[in-house]
Structures are given as structure tokens and as C-alpha cells.
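So the protein lines, in turn, are chains A and B.
Start counting the first sequence at 1; every next residue gets the next number (this note's numbering).
Start counting the second sequence at 1; every next residue gets the next number (this note's numbering).
Ideal Cβ placement from N, Cα and C applies to all residues, glycine included.
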Amino acid sequence: MTPRALHRSDAPILTWRATAWRSRLVLVAIWGALAAVVVKAFLLQHVQVDEWQRRAETRYERLRDIPAARGRLLDRHGTVVAMSIPEMRLGVVPKLLPADHPKLTKLAQILGMSEPALKRRLRQADRFFYLSKDLDLGAAEQVRALRLPGLELEQDYRRHYPLGETFSNLVGFTDGSDQGQEGIERAFNARLRGAPGTERVMVDRRDQAISQKRINEAKPGTDVRLSIDASLQSIAHRAVKDALAEHRARGAAAVVIDARNGELLALVNAPSFDPLQRARIDAGRIRNRAVLDSFEPGSTLKPFAIAAALDAGKVKPSTIYDTSAGQMTISGRTIRDSHRHERLTLSEVLEKSSNIGTAQVALMLPAQTLHASLRQAGFGQSAGLPIAAATAGRLRPWQSWVPIDQATISYGHGIAVSLVQLARAYTVFAGDGRLLPLSLEPQPSIPTGERVYSEATALAVRGMLERAAGPLGTAPKAQIDGFKVAGKTGTAHKPERGGYARNRYIASFAGFVPADQPRLIIAVMVDEPSAGRHYGGEVAAPIFAQIASESLRRLQMSPDPSVRVVPSSRLLGEGT
Amino acid sequence: MRPWILGLVLVVCALALVNARYHERRLFAQIEQTDRLMARLSSDAAALRVQLVSLRAPSRLDRIARDQLGMEPIRPSDTVSLGARTP
Chain A
1 MTPRALHRSD APILTWRATA WRSRLVLVAI WGALAAVVVK AFLLQHVQVD
51 EWQRRAETRY ERLRDIPAAR GRLLDRHGTV VAMSIPEMRL GVVPKLLPAD
101 HPKLTKLAQI LGMSEPALKR RLRQADRFFY LSKDLDLGAA EQVRALRLPG
151 LELEQDYRRH YPLGETFSNL VGFTDGSDQG QEGIERAFNA RLRGAPGTER
201 VMVDRRDQAI SQKRINEAKP GTDVRLSIDA SLQSIAHRAV KDALAEHRAR
251 GAAAVVIDAR NGELLALVNA PSFDPLQRAR IDAGRIRNRA VLDSFEPGST
301 LKPFAIAAAL DAGKVKPSTI YDTSAGQMTI SGRTIRDSHR HERLTLSEVL
351 EKSSNIGTAQ VALMLPAQTL HASLRQAGFG QSAGLPIAAA TAGRLRPWQS
401 WVPIDQATIS YGHGIAVSLV QLARAYTVFA GDGRLLPLSL EPQPSIPTGE
451 RVYSEATALA VRGMLERAAG PLGTAPKAQI DGFKVAGKTG TAHKPERGGY
501 ARNRYIASFA GFVPADQPRL IIAVMVDEPS AGRHYGGEVA APIFAQIASE
551 SLRRLQMSPD PSVRVVPSSR LLGEGT
Chain B
1 MRPWILGLVL VVCALALVNA RYHERRLFAQ IEQTDRLMAR LSSDAAALRV
51 QLVSLRAPSR LDRIARDQLG MEPIRPSDTV SLGARTP
């Protein structure tokens with residue numbers, strides 16, 4: 001057989017030669033692929049390393065905020081007034097959590113909601129939403145154990161106010177981002193607020209954290225200890241709350257100050273609100289009337305006009321004033337006393353609360369002197385509390401006064417003050433004539449204050465105030481057993497468009513106790529009492545007496561057995 | 001040294017590394033769990049503290065004393081002052 005006669009299939013060498021190019025092609029392809037892998041690996045490892053590192057970090061690393069606890073608010077004895085407790089917010093991505101998931105029954109149980117309601121919410125939502133914003137950590141653990149897709153747990157803090165409405169108008173509240181919005185929460189926000197931290201967390205493909213690294217530690221806020229005494233606050237709150245109901249009033253407020261150092265011991269309002277229910281209440285209940293609202297103080301201002309005249313040497317406590325006419329015309333306008341009096345000494349002018357007598361005293365002074373004296377007593381300027389939007393009241397410049405203005409301002413009309421301003425102003429009579437600064441925090445030392453009147457003047461007016469709160473004065477109902485009381489009532493018509501309302505009043509009382517060694521200054525205001533009585537001596541003075549009596553007992557001050565309430569049959573009138 | 005020994009050492013080291021990583025993650029998970037437990041207990045303690053303050057609130061005690069126990073505040077007229085006896 002000749003070679004030509006051989007078939008290719010019978011010659012393996014010839015067959016190999018015929019297919020060798022295929023093998024080489026495969027080999028080149030393999031080497032090429034390997035080279036591509038090597039090149040890609042090189043690019044990944046050395047050239048594009050930053051980009052891929054970033055992508056990996058984005059996928060497996062999370063930057064988490066660590067919320068910081070807000071500082072606590074404490075009363076002067078350390079009782080917790082407000083504190084933050086960690087809670088969890090449970091969010092859902094509805095696209096990742098099917099509404100027919102078998103574990104939803106258990107989830108609904110943990111959240112305390114009905115399963116159909118939960119499923120309905122999941123079906124209706126098309127984007128992320130919070131299922132619960134106040135989940136306690138135990139429940140959060142149970143939710144986490146379900147390992148449901150699309151659930152996200154975020155740590156948060158919830159503010160709690162264990163003393164409820166007793167403190168609510170004073171303390172205020174925080175918003176959803178833990179920022180103080182009202183009251184003390186807002187005033188001390190910078191100190192109470194903590195600084196959130198940050199942590200870097202590595203997660204696995206199931207989004208479970210596998211390692212973490214703190215970048216910044218969360219710094220909790222600082223605790224703030226207030227000068228407020230929770231017991232006194234409670235006493236005062238109950239007194240104004242009861243008075244609100246008894247007199248069917250629009251509002252009521254009371255302020256208690258330590259007469260020795262100007263510390264605020266209680267500041268209460270009625271109506272008030274439950275901090276946990278505040279979303280459903282009207283703004284009027286949230287308002288801190290004692291600080292934010294001003295009113296015409298009426299006769300509670302008379303001691304200041306009399307003190308200014310005494311201090312200027314224009315009058316003496318024994319100076320006689322003829323008020324027998326019962327009315328007095330100044331600049332074409334007539335002012336009146338509620339009851340006709342005869343000739344009164346200066347002391348009796350205050351004791352009987354004579355508008356005419358006080359106007360006569362005030363008109364003996366230059367307008368500038370009376371204005372300066374009222375200004376020095378704190379009227380027309382901030383009371384010094386750090387509470388936002390606190391009113392400064394209204395004291396018109398003396399240049400705009402005409403004689404009738406000077407007369408009416410002397411008995412508390414045509415001037416507006418806040419209740420804290422009024423209470424603070426009485427520190428001049430409870431002390432030695434100095435106006436003490438108010439404080440919401442305990443004072444390390446006794447402030448000296450600014451002198452307004454001489455010590456002799458302050459003592460003289462204190463004596464008059466004691467008689468005004470006695471059986472022959474306008475506030476016999478301010479008396480309490482065991483302690484001498486000094487103070488002054490006020491009844492003022494409420495201003496309305498272009499004049500004064502006929503039947504709407506503000507009844508007030510400001511005073512201190514014990515009169516011989518003042519410990520507490522208490523100011524009370526009742527807005528629009530409408531149950532038949534509206535005089536300060538009938539409406540506000542008994543509230544003062546209740547607060548004073550219970551507070552002194554709580555402070556364990558020894559009563560003087562010789563001091564007894566003396567009944568009075570005196571009729572109380574307007575201007576008292 | 002023979003290459004197979006080096007290979008064996010390499011394999012052992014690799015297994016040890018895997019084991020160490022496994023333990024690291026397990027311990028981390030335990031720490032996380034313990035941290036969460038600690039946070040939960042702290043939260044519970046804080047909630048109980050708040051509840052305690054609510055229960056001890058002067059207004060609540062006063063209401064219970066008056067309404068349920070029929071108590072009244074001490075009036076100065078109910079107080080008897082005794083002079084201290086000098087030795």
C-alpha cells in the first residue's frame with residue numbers, strides 16, 4: 001500500500017496536525033483568560049484599590065449615630081422632675097416585608113396591635129414608616145429575634161415627667177428631636193442636651209453587626225438642679241387648681257419665692273396639662289401665665305407708691321389724708337374708692353386700700369421720681385428668669401404721663417406686670433429695701449440685691465402690709481394661725497378695646513409670711529373669677545393663706561401659738 | 001525543610017486564622033448581646049425610678065391621705081409647743 005493510499009483517519013499524526021490549531025487556540029484562550037485575571041487582580045489590588053475599598057465599606061460598613069441622653073431635671077432636694085429613658089423606634093420598609101409573612105402574628109402581639117391592622121398598614125404603605133416610636137428595649141429584643149426582613153430598629157430617648165401636671169407649665173417639654181421647646185426645658189436646653197456620638201459598624205450579608213468601632217462617644221447632657229421644691233409646688237398647684245374650679249375662673253397662677261435669697265420655690269398655673277397628653281390639648285393650657293402674661297396689678301402696687309413717697313421724705317406714716325369725699329377729680333376724670341372713708345393716716349390708706357389716698361400721695365411726687373422708683377422695683381423690665389418670651393410688663397415713660405396717669409398708676413392701673421415680677425418686687429418689703437434677683441437654681445450664697453428703698457422705709461411699709469392683711473384690712477382672709485402675715489390685695493378690671501371690661505376682673509394678692517421674719521413671698525393671681533366673688537381679698541387672699549399655711553408646715557417652721565386668725569365682718573370692696 | 005511540611009504549616013495556620021475569626025465574631029456577638037441586656041436593664045431601672053417618683057409624688061400622697069385615709073393637714077392650732085427644760 002502506497003502512502004497516498006492511506007486515509008487520514010488511519011494516520012494519527014496527520015490527524016493531530018490537522019487539529020493542532022484548535023488546541024493552540026484553546027491554550028491561548030486559557031492563558032489569555034489567566035492573564036486577564038492577573039491584570040484584573042492587579043488593577044483591583046493596586047490601581048483601583050481606593051474605589052473598591054470604598055464600595056466594600058459602603059456595602060458592609062454603617063455609620064451609626066449614638067443618641068445622647070438628655071440631662072435630668074431635679075428639684076432642690078433631688079427629686080426627678082424630668083428624665084430621659086432609652087426606647088426604640090421600629091421602622092418598616094414595606095417592600096421588603098410581605099404582608100402575608102407568617103411571623104406578623106407574633107410581631108403584632110409584641111407591638112400590642114391587631115394583626116389585621118398591621119397587615120393593612122403594610123399593604124397600604126409604599127415607603128418607609130415607623131410602626132412604633134416608643135418601644136421598650138425588652139420588646140425591641142423580641143422584635144429583633146424574629147429576624148423579619150425590612151424591619152429597622154433605631155435607639156431613641158423618650159422624656160418622662162413623673163410629677164405630671166404639677167410641673168408641666170413651668171418645665172415645658174421637648175420636641176421629637178429632644179430639643180427643649182418650652183419652659184425650663186428650653187431655658188436650659190444647652191446644658192441638658194447631650195452630644196450624640198458616632199460608631200462605625202461592620203455588618204454581614206444579613207445586615208447583622210459583626211464588629212463596631214466608636215468614632216465619637218456620645219456625651220450625655222448635664223443634670224440641672226432647680227431651686228423649685230416639689231412639695232411646695234404640689235401645695236401651690238393644688239391650691240390654684242381648686243380655686244380655678246371654685247371660682248369658675250379662666251386661669252390662676254401662683255409664685256412662691258424664698259424671701260431670703262430670691263430662689264423660686266414654686267411656680268404653678270391652672271389650667272395645666274398632662275405632659276404625656278400634650279398633643280391633644282389647646283395652647284392655652286400650656287401657657288405659663290405667671291411668666292408670659294402681664295396684667296394690671298391693681299392695689300397690690302399701692303405699697304410701691306407709698307414707699308416711694310416715704311423714701312423721698314414727702315410723707316410720714318402718720319400723715320393724714322382726707323378721703324371723705326369718696327371721689328377725686330384729676331385732669332377731668334374722676335377716681336373713686338369702693339367704700340367711703342374719713343380722714344386716713346398713710347398707714348390706713350394702705351390698710352383700707354384707698355385709691356384716693358394713694359393718688360394724693362403719688363401726686364406729691366415728681367412723675368420722674370415715681371417712675372424711677374417703680375422701675376427700680378423691677379416693673380417694666382425683665383424679671384431675670386431665663387424663660388423664653390417672659391414678659392417685661394408695661395411701664396410707660398414718665399414723659400408721657402399726665403396727672404391722672406400718675407394717680408391711676410399709683411394704684412395699679414395703666415401699668416402691666418407679670419406675676420413673677422410682682423412677687424419679686426415684694427422682696428424689697430420682705431427684706432431691707434433691696435430688690436433680690438430671681439433664680440431658678442439654688443444660690444451658693446445670698447445675693448445682695450439692689451437697694452430700692454431705705455431699710456426704714458421697707459420696715460414701715462412692712463408694718464402697713466401686716467395691718468392690711470389683718471382683721472381691719474382688706475385681706476383678713478389671708479391670715480393664718482401661728483404666723484403673722486403681710487400683704488396686699490388687688491382687684492382690677494380687665495382692659496378691653498378702648499377701656500375696661502365691666503364684669504371681667506383679675507383678683508390678686510401679694511404678700512409674705514411670717515411678717516416678722518419673712519421666709520416666703522407668695523403672689524397669687526386669678527383671671528376672670530365668675531362664681532359671684534371677684535375681689536382679691538375674697539378670691540386670691542384665701543389661696544395665699546392655704547399655700548402659706550401648708551408650705552410653712554412642710555418647711556417645719558414653728559408656729560407662734562399666740563398668733564390666731566381674727567375673724568372680720570368687714571365688707572370687701574372693689575379696689576381691694 | 002521539605003515543601004510538604006511548609007504546606008502543612010500553611011494549612012494549619014489558615015485553619016487557626018479561620019478559627020480565631022470565628023471566635024472573634026462569636027465573642028463580638030456575645031458582647032453585643034450583653035450590651036443590649038445592660039441597656040435594657042438600665043432602661044428598666046430608669047423606668048422604675050420614674051414610676052417610683054410618680055408614686056411618691058406629693059400631690060398623689062396628699063390625695064390618698066385626704067380621700068382614702070381621711071387625714072387632714074396639721075394646723076398650727078393643733079400644735080402644742082413645749083419649752084425646753086434647762087438642766
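Residue i, buried or exposed, once every other Cβ within 10 Å from all chains shown has been counted against 16
i, result
"R248(A)", "exposed"
"T334(A)", "exposed"
"R2(B)", "exposed"
"Q277(A)", "exposed"
"N503(A)", "exposed"
"P366(A)", "exposed"
"Q546(A)", "buried"
"T300(A)", "buried"
"N216(A)", "exposed"
"N19(B)", "exposed"
"S338(A)", "buried"
"K302(A)", "buried"
"E342(A)", "exposed"
"S400(A)", "exposed"
"A29(A)", "exposed"
"I387(A)", "buried"
"K488(A)", "buried"
"L48(B)", "exposed"
"T58(A)", "exposed"
"F129(A)", "exposed"
"R340(A)", "exposed"
"P297(A)", "buried"
"E115(A)", "exposed"
"L135(A)", "buried"
"I64(B)", "exposed"
"M618(A)", "Here chain A covers residues 1 to 576 and nothing more, so residue 618(A) does not appear."
"M328(A)", "buried"
"L90(A)", "buried"
Residue interval of the alpha helix (DSSP H) (run including residue i)
i, result
"T457(A)", "E455 to A468"
"I306(A)", "K302 to D311"
"V11(B)", "P3 to L55"
"S168(A)", "S168 to V171"
"A430(A)", "T427 to A430"
"A407(A)", "P403 to S410"
"I74(B)", "Looking at the DSSP string, I74(B) is not in any alpha helix (DSSP H), and its letter there is neither H nor E."
"E185(A)", "G183 to A187"
"R102(B)", "Not covered by the structure: residue 102(B). The range shown for chain B is 1 to 87."
Nearest-angstrom Cβ-Cβ length linking residue i and residue j, presumed shorter than 8 angstroms
i, j, result
"A254(A)", "A523(A)", "7 angstroms"
"S410(A)", "A305(A)", "4 angstroms"
"A430(A)", "F512(A)", "4 angstroms"
"S43(B)", "I85(A)", "6 angstroms"
"L153(A)", "M202(A)", "Between M202(A) and L153(A) the Cβ distance is about 18 angstroms, and since that is not below 8 angstroms, they are no contact."
"L226(A)", "I281(A)", "About 24 angstroms; that fails the 8 angstroms criterion."
"R72(A)", "Y157(A)", "Wrong, their Cβ atoms sit about 12 angstroms apart, outside the cutoff."
Residue i: first and last residue of the uninterrupted beta strand (DSSP E) it sits in
i, result
"V268(A)", "L264 to A270"
"T491(A)", "A486 to E496"
"G380(A)", "Counting along the chain, G380(A) falls outside any beta strand (DSSP E), and DSSP gives it neither H nor E."
"V601(A)", "No information on residue 601(A) is available, as it lies outside the stretch 1 to 576 that chain A covers here."
"I66(A)", "E61 to I66"
Amino acids of chain D, ordered along the chain, whose beta-carbon sits closer than 9 angstroms to that of residue i
i, result
"A266(A)", "In summary, chain D is missing from the structure at hand, where the protein chains are A and B."
Residue i: CB within 7 angstroms of a non-hydrogen atom of the ligand PLP
i, result
"H46(A)", "This structure lacks the ligand PLP; in fact it carries no ligand of any kind."
Segments of 3+ residues assigned as beta strand (DSSP E) that fall wholly inside the stretch 77-158 of chain A: 80-92 and 129-135
Unbroken stretches of the alpha helix (DSSP H), 4 residues or longer, contained in the stretch 303-367 of chain A: 346-352 and 355-363
The stretch 230-244 of chain A contacting the stretch 256-275 of chain A, beta-carbon criterion three pairs below 8 angstroms: yes
Complete runs of the alpha helix (DSSP H) confined to the stretch 478-557 of chain A [at least 4 residues]: As far as the stretch 478-557 of chain A is concerned, its whole alpha helix (DSSP H) runs of at least 4 residues are 536-554.
4 or more residues per run - each alpha helix (DSSP H) lying fully within the stretch 208-294 of chain A: 230-246, 283-286 and 289-292
Stretch pair the stretch 490-507 of chain A + the stretch 521-536 of chain A: three plus CB contacts closer than 8 angstroms: yes
Meets three-Cβ-pair contact criterion under 8 angstroms: the stretch 345-365 of chain A and the stretch 379-396 of chain A: no
Segment contact flag, the stretch 437-455 of chain A with the stretch 313-328 of chain A, C-beta cutoff 8 angstroms, min 3 pairs: no
At least three beta-carbon pairs within less than 8 angstroms, the stretch 52-69 of chain A to the stretch 95-108 of chain A: Using a Cβ-Cβ distance cut-off of 8 angstroms, the stretch 52-69 of chain A and the stretch 95-108 of chain A are not in contact, since fewer than three pairs of beta carbons, one from each stretch, lie closer than that value.
The stretch 372-379 of chain A / the stretch 414-422 of chain A touching (three or more Cβ pairs under 8 angstroms): yes
Contact the stretch 534-549 of chain A vs the stretch 469-480 of chain A: 3+ CB pairs below 8 angstroms: yes
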